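Asks: Below you will find the structure I want to go over with you.
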Amino acid sequence: MKIYTKTGDQGITSLIGGTKVPKSHIRIESYGTVDELNSYIGLIRDQQISEAYKILLKDIQDRLFTIGASLASDPEKSKMKIPDLNLSDVELLEAKIDEMNETLPELKHFILPGGNTTVSYCHLARCVCRRAERLIVSLASDSFVDEKVVIYINRLSDFLFVLARYIGFKNGIAENQWVPRV
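Taking our numbering, I'd label the letters of the sequence shown as residues 17 to 198.
Put into structure tokens, the structure is as follows:
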């Protein structure tokens, strides 16, 4: 099987369902950004973190593929069965956020990204996640997007922020607090 098809050489691609759209279409930008986010999650998984978090991050990557498939589908023409995203997926993120927060000091300042490589990767992933969220919300204003997708991506950015704090805390890395000049 050849990896190149040459069908996109004119800047057009097909959604699941056969609809052809420009590669600059908001739907393509949305699932492309989710794919970028998935790559950053993989980068975090490749770091020296606990096996439990590696397993959780792989589960998140699976959910991101589900979201990507949903976003890559023409909501009016696709007949393909797409894997489901469930509210239990959101609840899992919330439970992990709460679990990590139980050990973290109270947040009293904004946090500047950084501290070590893994913490920085979490912040990069969080920023890409927020961009994906903005694109998906924009797409949802014109076309059908499962509301659970927006909720999951929103909660995932919160999870990534708390994960950055948690990894730093567990490694004895002081948070980079932003103290504005006034």
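No residue lacks a Cβ here, since even glycine has one placed at the ideal position from N, Cα and C.
Computed from a predicted structure; not experimentally measured.
1) Return the chain-ordered list of same chain residues with a C-beta closer than 7 Å to the C-beta of I167, the five sequence neighbours on each side being excluded.
2) CB-CB under 7 Å to K74, same chain, minus the five flanking residues each way: which ones, in chain order?
3) Mind reading off the beta-carbon distance from I57 to Q77? Whole number of angstroms is fine, and I expect it under 8 Å.
4) Quick one: measure Cβ to Cβ for I32 and D90, integer angstroms, because I've assumed they're closer than 8 Å.
5) Does the contact criterion of 3 or more C-beta pairs under 8 Å hold for the segment 138–149 versus the segment 173–183?
6) How would you label K18, buried or exposed, when you count the other beta carbons within 10 angstroms and need 16 or more for buried?
7) Can you tell me the Cα-Cα spacing of S86 and D51, whole angstroms?
8) What do you reckon, are the CB atoms on L179 and M116 nearer than 8 Å?
9) Over the uninterrupted beta strand (DSSP E) stretch that includes V165, give me the two end residues.
10) If you draw a straight line from the C-alpha of F126 to the C-alpha of R142, how long is it?
11) Have a look at N54, W194, R146 and flag the residue whose alpha-carbon is nearest the alpha-carbon of D174.
12) For K93 and T35, what's the separation of their Cα atoms in angstroms?
13) Going by Cα to Cα distance, which pick from I189, N187, V165 is closest to F81?
14) Go ahead and pull the three-state DSSP assignment for F81.
15) For W194, I'd like the list of residues in its chain whose CB is within less than 8 Å of its CB, leaving aside the five on either flank, ordered along the chain.
16) Do you know offhand how far L72's Cα is from V144's?
17) How far does the beta strand (DSSP E) with S30 in it reach, from first residue to last?
18) Nearest by alpha-carbon distance to G188: which of T119, K22, F160, A111 is it?
Replies: Let's see:
1) Looking up residue 167 in the sequence shown gives position 151. For I167, where only same-chain residues beyond five positions count, the Cβ hits under 7 Å are V106.
2) In the sequence shown, counting from the first residue as 1, residue 74 sits at position 58. Answer for K74: R61, listed in chain order.
3) Position 41 of the sequence shown holds residue 57. Position 61 of the sequence shown holds residue 77. That belief holds up - the Cβ atoms of I57 and Q77 are roughly 5 Å apart, short of 8 Å.
4) Along the sequence shown, one-based indexing puts residue 32 at 16. Along the sequence shown, one-based indexing puts residue 90 at 74. That pair is a contact at about 7 Å.
5) yes
6) The residue given as residue 18 occupies position 2 in the sequence shown. It is exposed - the Cβ of K18 has fewer than 16 other Cβ atoms within 10 Å.
7) Against the sequence shown, residue 86 aligns to sequence position 70. Against the sequence shown, residue 51 aligns to sequence position 35. Computed Cα separation, rounded: 12 Å.
8) By one-based count along the sequence shown, residue 179 stands at place 163. By one-based count along the sequence shown, residue 116 stands at place 100. Yes, the Cβ-Cβ distance between L179 and M116 is below 8 Å.
9) As a working note, residue 165 is residue 149 in the sequence shown. First-last for V165: 163–186, but that is the alpha helix (DSSP H), not the beta strand (DSSP E).
10) Residue 126 sits at position 110 when you count from the first residue of the sequence shown. Residue 142 sits at position 126 when you count from the first residue of the sequence shown. Looking at the two C-alpha atoms, the distance is approximately 15 Å.
11) To locate residue 174, count along the sequence shown from 1; it is residue 158. Of N54, W194, R146, the residue nearest in Cα terms is R146.
12) Your numbering for residue 93 matches position 77 in the sequence shown. Your numbering for residue 35 matches position 19 in the sequence shown. Roughly 8 Å between the two C-alpha positions.
13) Position 65 of the sequence shown, counted from the first residue, corresponds to residue 81. Checked all of I189, N187, V165; the closest Cα to F81 is V165.
14) Translated into positions along the sequence shown, residue 81 becomes position 65. F81: helix per DSSP, three-state reduction.
15) By 1-based counting over the sequence shown, the position of residue 194 is 178. H125, F126, I127, L128.
16) In the sequence shown, the residue the question calls residue 72 occupies position 56. In the sequence shown, the residue the question calls residue 144 occupies position 128. Answer to the nearest angstrom: the Cα atoms are 19 Å apart.
17) For the purposes of this step, residue 30 is identified with residue 14 of the sequence shown, where counting begins at 1. 28–30 is the extent of the beta strand (DSSP E) around S30.
18) Against the sequence shown, residue 188 aligns to sequence position 172. That would be T119, whose Cα lies nearest to the Cα of G188.
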